[in-house]
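J.:
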Amino acid sequence: MPLTLDDTLHLLISLVWVLVVFGAVLTLAGFLTWVERKMSAIMQDRIGPNRANVRLFRNWRLFGLFHIMADPVKLFFKEDFIPAGANRVLHTLAPIISLAVPLSVFAVIPFAGPLQIHWKDLAAAQIPLVGRFFPGDTLHLSDFLVTFQVADLNVGILFIFAVSSLAIYGTMLGGWASNNKFSFLGSMRAASQMISYEVGLGLAVVGVVMVYGAVSLSTIVTRQGELWLGIIPKWGVITQPLGFLLFLACGMAEIKRAPFDLPEGESEIIAGFFTEYSSAKMMMFMFGEFVEWIVLGTVVATLFFGGWQVPYLSSHGINIPLLKIELLWTGFSYVQQHPLALQLVQVGVTAVQAGAFAVKVLFFVWLIGLVRWTLPRFRYDQVMKMGWKMVLPLALINIVATGVLLLCEQNLKPILQKVLGY
Amino acid sequence: MGRKRELTWIERFYFPEIVRGLLVTARHFFVNLFTQREIQTFQWPEEERPISPRWRGRHRLNKREDGTTRCTACMLCATVCPSECIHIVAGESPDRKYEKYPVSYVVDVFRCCYCGMCVEACPCNAILMDTQDMRFGAGTPEQFILTKEQLLDW
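So the sequences go chain by chain: A and B.
For the first sequence, counting from 1, position 316 maps to 442 in our numbering; every step adds exactly one.
For the second sequence, counting from 1, position 119 maps to 127 in our numbering; every step adds exactly one.
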């Protein structure tokens, strides 16, 4: 089947989103190298990195933001060391895996609501250059849907789990291929911890899948825009409060952040699985960890905090049924008079949604950082005990309770709607 | 120190206590983000930290009114010094009022542990550690062996 012009444009838009998402995530990860140190500093009443400067016509310091540039430059010029007896191929492969894997999770995250374009059809012949490749085709811009997502997989959540479980190969291979006892111990710890918490992580999400009846992330986010009792947005945190807490805790254990940072431990096993790494490879491990940090913030925001949803706001207008507030964009006389105004308003709504998503992600990134610098780390047996004896039973209870409540809601909903009258 | 007590059931539930801890750190975060009120750091080279007058720093030799050292080379400081960092070579004083004077008076600052016992031992109030010099640094180890001229020159 030849590629139609519409498909080509969809493909091109996806490619643009790939660049946008990669750019945004890597920029944020770069900033996090600075944020982590600065944040811990000011939480502990210190100042943090502020000495790297650029001497133009003044001595610029910008709160130490130049450390973002100074650190990679320093690390790149370190010796790239592979220890004797190490498996050279796997030793080099491990940091690549642990950086590439968390990055690919972002492929299924929707970062703004779909935008319906109602403009006009364009014949391929009208567009310069394009007409030669698509003879007789038309670009149906009168009814064109732009999705703000790299790939709208209908198994979105499963894809996230499948891919993020691969991250364990990075740590395992890194520890094993280094030919170092400390590295190996660190990677063993990482492996058992990640496998234990993967169970809790998966079960915590089952509740979300039950409530919204879908595993596709775009569907889950769209359904989170529905209103409960006509006023409360049906965000995951409201329908699944226990699931949210369990997911956040398991997620932090999964990405090996404090208070679960047992694979690293300076006093016990040096740097754990990346003891034998230096230079750019060590930087890739660190960077992979920061990207995983963003991944967790993003997934939590998507599954439990409505993704790109802004409460009551949609591409049609603002709507709160219980308070009988209904504001349609088409209701404004200005929008009715100008054909393109509605389109512009909808583009604006999409921009607001993307902004809301960014704010939510940044909030969770901040929260995870805050947790890291607040809680003391667990002992290893405590981590295992918590994973299997606390999180797993609670997640199972959560699934059963969700099922019971869903049945109750289905039977009570018509009665409630009659009572509240919406 | 407080006696170890039983946890209440809310504390054992763990999550409320986590939230309480997070509120404490978040308060510090926002206070320091916007006001820097509670930050304890001194930005050292630009900002001097107030030093107590009792603070023991680099040594110096006290002078008489005519500019010569008050030291009479009695060797009390060199004897009391636990790290044996003071080396004195005594000579006959040109001034008739005093018996001896130090021909050389060397303090090996790398060996010094800044205990201040030399200052306490000195009967003539000759060696002092009140220079309040925090920026005492040098490029080579030899520069940390202070001669009599360097000790007098303060």
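From the three backbone atoms N, C-alpha and C, an ideal C-beta is built for every residue, glycine too.
(1) When you compare each of L267/A, S268/A, H266/A, A250/A to F260/A by their alpha carbons, which one comes out closest?
(2) Residues of chain B with CB closer than 7 Å to the CB of V499/A, please, in chain order.
(3) Residues of the region 157 to 170 of chain A with a CB closer than 9 Å to any CB of chain B: list them in chain order, please.
(4) Check this for me: beta carbons of P131/B and L160/B, under 9 Å apart or not?
(5) Within the same chain, show all residues whose beta-carbon is closer than 8 Å to that of S112/B, passing over the 5 residues directly before and after it, in chain order.
(6) Put I194/A into one of helix, strand or coil per three-state DSSP.
(7) What residues in the region 34 to 48 of chain B bring their beta carbon closer than 7 Å to a beta carbon of chain A?
(8) Got a sec: is the Cβ-Cβ distance from L496/A to anything in chain B below 9 Å?
(9) Find the residues of chain B that neighbour R172/A, judging by a C-beta separation of less than 8 Å, and give them in chain order.
(10) For F23/B and chain A, any beta-carbon pair shorter than 9 Å?
(11) Have a look at G513/A, L131/A, S304/A, F489/A and flag the residue whose alpha-carbon is nearest the alpha-carbon of Q252/A.
(12) Taking 8 Å as the threshold, find out whether the region 212 to 224 of chain A comes into contact with the region 183 to 202 of chain A through three or more Cβ pairs.
(13) Considering only their Cβ atoms, is the gap separating V117/B from H67/B smaller than 9 Å?
(14) Any contact between the region 414 to 431 of chain A and the region 337 to 348 of chain A? By contact I mean 3 or more CB pairs, one from each, below 8 Å.
(15) Does the region 293 to 309 of chain A come close enough to the region 392 to 403 of chain A to have 3 or more Cβ pairs within less than 8 Å?
(16) What number of angstroms, rounded off, separates the C-alpha of F38/B from the C-alpha of Q48/B?
(17) Could you please give me the residues that DSSP links to Q242/A through a beta bridge?
(18) Measure the alpha-carbon distance for P198/A versus R177/A and round it to whole angstroms.
(19) State the Cα-Cα distance for the pair N305/A and E392/A, rounded to the nearest angstrom.
(20) Check whether the Cβ atoms of G296/A and S224/A lie closer than 9 Å to each other.
(21) Interface residues of chain A around L69/B at Cβ under 7 Å?
(22) DSSP state of T148/B, grouped into three classes?
(23) Check whether chain A comes within 9 Å of I26/B, counting only Cβ atoms and requiring the distance to be less than that.
(24) Between the Cα of G333/A and the Cα atoms of V497/A, W354/A, L372/A, which residue gives the shortest distance?
(25) Counting only the same chain and skipping the five closest in sequence on each side, list residues whose C-beta sits under 6 Å from that of N524/A.
(26) In the DSSP assignment, what are the bridge partners of L453/A?
(27) What in chain A is Cβ-close to G29/B, meaning under 8 Å?
(28) Within the same chain, show all residues whose beta-carbon is closer than 8 Å to that of Q472/A, passing over the 5 residues directly before and after it, in chain order.
(29) Between the region 179 to 187 of chain A and the region 52 to 59 of chain B, do three or more beta carbon pairs fall short of 8 Å?
(30) When DSSP builds the beta bridges, which residues end up paired with W302/A?
(31) Taking the alpha-carbon of S313/A as reference, which of M165/A, I357/A, G328/A, K382/A has the nearest alpha-carbon?
(32) Taking only beta-carbon atoms, is L371/A less than 9 Å away from chain B?
(33) Comparing the C-beta of R72/B with each C-beta of chain C, is any distance below 9 Å?
(34) Could you say which of W419/A, E352/A, H266/A lies nearest to G377/A if we only look at CA atoms?
(35) Could you give the residue range of the beta strand (DSSP E) that holds H219/B?
(36) Buried or exposed: where does I235/A fall if 16 or more other Cβ atoms within 10 Å of its Cβ makes it buried?
T.: Considering the structure as presented:
(1) As a first step, residue 260/A must be located in the first sequence, where it is residue number 134. The shortest C-alpha separation from F260/A is found at A250/A.
(2) By one-based count along the first sequence, residue 499/A stands at place 373. Note that residue 499/A is Trp in the sequence shown, not Val. Those within 7 Å of W499/A in chain B are T33.
(3) For the region 157 to 170 of chain A, which is checked against every Cβ of chain B, the residues closer than 9 Å are M165, A167, I168, M169, Q170.
(4) Along the second sequence, read from residue 1 onward, the residue named residue 131/B stands at position 123. Along the second sequence, read from residue 1 onward, the residue named residue 160/B stands at position 152. Contact: no.
(5) On the second sequence, position 104 is the one that residue 112/B refers to. Once the five neighbours on either side are set aside, the close Cβ partners of S112/B are H95, I96, V97, T155, K156.
(6) To locate residue 194/A, count along the first sequence from 1; it is residue 68. Of the three classes helix, strand and coil, the one that applies to I194/A here is helix, per DSSP.
(7) A34, H36, F37, N40, L41, E46, I47, Q48
(8) Here residue 496/A refers to the residue found at position 370 when the first sequence is read from its first residue. So yes, L496/A belongs to the interface.
(9) The residue you call residue 172/A lines up with position 46 of the first sequence. The contacting residues are I47, Q48, T49.
(10) In the second sequence, counting from the first residue as 1, residue 23/B sits at position 15. So, interface residue.
(11) Here residue 252/A refers to the residue found at position 126 when the first sequence is read from its first residue. Of G513/A, L131/A, S304/A, F489/A, the residue nearest in Cα terms is L131/A.
(12) no
(13) The count along the second sequence starts at 1 and reaches residue 67/B at position 59. The count along the second sequence starts at 1 and reaches residue 117/B at position 109. Cβ atoms of H67/B and V117/B: closer than 9 Å.
(14) Touching, per the Cβ criterion.
(15) yes
(16) Taking the second sequence and counting its residues from 1, the one referred to as residue 38/B is at position 30. Taking the second sequence and counting its residues from 1, the one referred to as residue 48/B is at position 40. F38/B and Q48/B: Cα-Cα distance of roughly 15 Å.
(17) The residue you call residue 242/A lines up with position 116 of the first sequence. DSSP output for Q242/A lists L271/A as bridge partner(s).
(18) Residue 198/A sits at position 72 when you count from the first residue of the first sequence. Residue 177/A sits at position 51 when you count from the first residue of the first sequence. Roughly 16 Å separates the two Cα atoms.
(19) As a first step, residue 305/A must be located in the first sequence, where it is residue number 179. As a first step, residue 392/A must be located in the first sequence, where it is residue number 266. Cα to Cα, the separation comes out at about 18 Å.
(20) On the first sequence, position 170 is the one that residue 296/A refers to. On the first sequence, position 98 is the one that residue 224/A refers to. It is a contact, given that the beta carbons lie within the stated cut-off.
(21) As a working mapping, residue 69/B is identified with position 61 in the second sequence. Per Cβ cutoff of 7 Å: no residues; L69/B is ~37 Å from chain A at best.
(22) The sequence position of residue 148/B within the second sequence is 140, counting from 1. Note: T148/B maps to coil in three-state DSSP.
(23) Counting from 1 along the second sequence, the entry for residue 26/B is found at position 18. I26/B counts as touching chain A.
(24) As a position in the first sequence, residue 333/A is number 207, starting the count at 1. Shortest Cα-Cα distance from G333/A to any of V497/A, W354/A, L372/A involves L372/A.
(25) As a first step, residue 524/A is located in the first sequence; it is residue number 398 there, counting from the start. For N524/A, where only same-chain residues beyond five positions count, the Cβ hits under 6 Å are G333, L368, G369.
(26) Locating residue 453/A in the first sequence gives position 327, counting from the first residue. In DSSP, L453/A forms a bridge with I444/A.
(27) The sequence position of residue 29/B within the second sequence is 21, counting from 1. Those are T500, L501, listed as they occur along chain A.
(28) As a working note, residue 472/A is residue 346 in the first sequence. Spatial neighbours of Q472/A in its own chain (CB-CB distance under 8 Å, excluding positions within 5 residues in sequence) are listed in chain order as L241, Q242, S441, W455.
(29) no
(30) The residue given as residue 302/A occupies position 176 in the first sequence. W302/A has no beta-bridge partner at all, per DSSP.
(31) Here residue 313/A corresponds to residue number 187 of the first sequence, with the count starting at 1. Residue K382/A is the option with its Cα nearest to S313/A.
(32) Translated into the one-based positions of the first sequence, residue 371/A becomes position 245. Interface residue, yes.
(33) This model lacks chain C altogether, as its protein chains are A and B.
(34) The sequence position of residue 377/A within the first sequence is 251, counting from 1. Comparing Cα positions, the closest option is W419/A.
(35) Because chain B spans 9 through 162 in this model, residue 219/B falls outside it and cannot be assessed.
(36) Position 109 of the first sequence, counting from 1, holds the residue named residue 235/A. Buried, since its Cβ has 16 or more Cβ neighbours within 10 Å.
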